[in-house]
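Step one of this worksheet: look at the structure below.
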Amino acid sequence: MDQPNYKLKIEFLISNDTSSNNQTKDTKIRLKKCNECKRKRKNFNETQQICHLCFKAKSVTSSGNKVIDDFIRFTLTNRYKKAGKMEFVQYDRFVNIKLIAEGGFSKIYKATWVDGPISRWNDKHQNYRRDGEMIVVLKELYDSKNINSKQLNELKVFYNLILQHRNHGDYNDFDDHNYTNKYYGITQNPITQNYMIITKYFKSGDLTNYITKDFYNISWLDKLIKLLYIISGLKNIHYANIIHKDYHSGNIFVDYLAIISDLGISKSAIDSSEIYGIIPYVAPEIFQGQKYTKASDIYSFAMIMWELMTGRKPFWDQNHDINLIAEISNGFRPPIVTNAPEGYIDLMKECWNSDPDKRPTASDIFK
């Protein structure tokens, strides 16, 4: 049988573990080449000639799909011990599964995960400890029975964000959370055979629900704090050289934080030609045939600012059709109809400037 290639190149992921390069000649730990990953690491034991990370990876359930298993193994054998580790979970570990939404690319279910996600390694029992029962979201991807690498893009983008976030030169206490949704792994619907991405569940729903549910009791301080979380998440996405491309209030979830979600169509800055999104949040240059850029996401952020300011969706009173697209392309923007803190409206206008080069960056706004 051919030796599995665990040094696969995954889109948007940083290069493989280089921690062994930091070992000095004086180290007391003897490094040997692992029979599984072929990297030089501390072996789990002499008999198996397998490193401790590969041994742990062998303890989780296999999906039987090479694309999925290779990716999951990559997350488990990376040098980061906690961040971003994923797994394949048998469908029968979920109960109380309820359909809560349907979209163009997926169905969304709410479910109870009986065991919860993996946490720390248990040396005594030689398996991963788990966090225990929790409510999660299962996102069933249409036509994913024969899943390919592209359909795993959402998981890959999330994992890349985790790794880039930990290496961020501006890392600080506020950035301890990267303000993007938490992804736990993948399962498979036994009836449709479609694969389902496992993510965190937010009881309070999305930003639209947060705004409309009790708008007049949301203080400006609360709004500004939520915006700080939102722009922090976008800053981290852009730092990883990723463009969200579908950035709107329905893709931002709220608890005490505000979390950016739905990274499924997010792309690297060099692969951004297709048009996605909800018309009021799409930057005018996209309608004019230009590619998505980080500045396109900043335009969308301006619309989110307007929504928080007014309690309404941008262009709520307009038909979302070719006429609206033409007007947006010619400079039409939502009206300024309310008072806001000093500088708020000026920043919003800068962010929706027709010239993408004149919009501030996410890092500029965060500062």
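Offset between the sequence shown (1-based) and the working numbering: plus 584.
All C-beta atoms in this analysis are idealised placements derived from N, C-alpha and C, irrespective of residue type, glycine included.
Residue i to residue j span [Cα, whole Å]
{"i": "Ser733", "j": "Lys694", "result": "25 Å"}
{"i": "Glu620", "j": "Gly688", "result": "40 Å"}
{"i": "Glu934", "j": "Tyr726", "result": "38 Å"}
{"i": "Phe799", "j": "Thr645", "result": "45 Å"}
{"i": "Ile844", "j": "Arg943", "result": "21 Å"}
{"i": "Ile656", "j": "Phe672", "result": "7 Å"}
{"i": "Thr796", "j": "Ile802", "result": "10 Å"}
{"i": "Phe885", "j": "His828", "result": "11 Å"}
{"i": "Lys682", "j": "Lys617", "result": "47 Å"}
{"i": "His870", "j": "Glu738", "result": "At residue 870 the sequence reads Ile, which differs from the His that was named. If you take the alpha carbons of Ile870 and Glu738, they lie about 22 Å apart."}
{"i": "Phe742", "j": "Asp948", "result": "23 Å"}
{"i": "Ala946", "j": "Pro918", "result": "21 Å"}
{"i": "Lys622", "j": "Ala641", "result": "14 Å"}
Residues sharing a beta bridge with residue i, DSSP
{"i": "Arg714", "result": "Ile702"}
{"i": "Thr922", "result": "Its beta-bridge partners do not exist; DSSP assigns none."}
{"i": "Asp790", "result": "Phe837"}
{"i": "Lys617", "result": "Lys624"}
{"i": "Val721", "result": "Lys694, Thr783"}
{"i": "Ala685", "result": "Ile692"}
{"i": "Tyr928", "result": "Answer is none; Tyr928 lacks a bridge partner."}
{"i": "Val679", "result": "Thr696"}
{"i": "Ala946", "result": "Ala946 is not bridged to any residue."}
{"i": "Ala842", "result": "Val838"}
{"i": "Thr796", "result": "According to DSSP, Thr796 bridges with nothing at all."}
{"i": "Gly769", "result": "Glu671, Ile782"}
Beta-carbon proximity list for residue i, same chain, < 7 Å, skipping 5 on both sides
{"i": "Lys669", "result": "Thr659, Leu660, Ile702"}
{"i": "Arg677", "result": "Trp697, Val698, Asp699"}
{"i": "Asp715", "result": "Gly700, Pro701, Ser703"}
{"i": "Tyr779", "result": "Leu725, Ser728, Ile731, Ile770, Gln772"}
Which listed residue (the options) has its alpha carbon closest to that of residue i
{"i": "Ile814", "options": "Phe837, Leu805, Trp804", "result": "Phe837"}
{"i": "Gly789", "options": "Arg896, Ala842, His904, Asp948", "result": "Ala842"}
{"i": "Asn820", "options": "Ser803, Tyr779, His904, Leu745", "result": "Leu745"}
{"i": "Leu805", "options": "Leu892, His904, Gly834, Ile731", "result": "Leu892"}
{"i": "Asn720", "options": "Ile920, Tyr768, Met932", "result": "Residue 720 is actually Val in this sequence, not Asn. Ranking Ile920, Tyr768, Met932 by Cα distance to Val720 puts Tyr768 first."}
{"i": "Trp890", "options": "Arg943, Lys784, Pro864", "result": "Pro864"}
{"i": "Glu911", "options": "Tyr785, Val741, Leu791, Phe899", "result": "Phe899"}
{"i": "His709", "options": "Lys740, His904, Tyr785, Phe639", "result": "Phe639"}
{"i": "Ala879", "options": "Pro925, His822, Gln772", "result": "His822"}
{"i": "Asn903", "options": "Lys875, Ile862, Ile888, Tyr928", "result": "Ile862"}
{"i": "Lys807", "options": "Ala924, Tyr675, Asp901, Pro774", "result": "Ala924"}
Neighbourhood of residue i by C-beta distance below 6 Å, restricted to the same chain and skipping five residues each side
{"i": "Phe916", "result": "none"}
{"i": "Ala685", "result": "Ile692"}
{"i": "Tyr883", "result": "Ala867, Trp936"}
{"i": "Thr783", "result": "Val721, Asn765, Tyr767"}
{"i": "Lys810", "result": "Ala842"}
{"i": "Ser647", "result": "Asp653, Phe672"}
Close beta carbons around residue i, own chain, < 8 Å, minus the five adjacent residues each side
{"i": "Lys951", "result": "none"}
Integer Cβ distance of residue i from residue j, believed to fall under 8 Å
{"i": "Leu615", "j": "Lys624", "result": "4 Å"}
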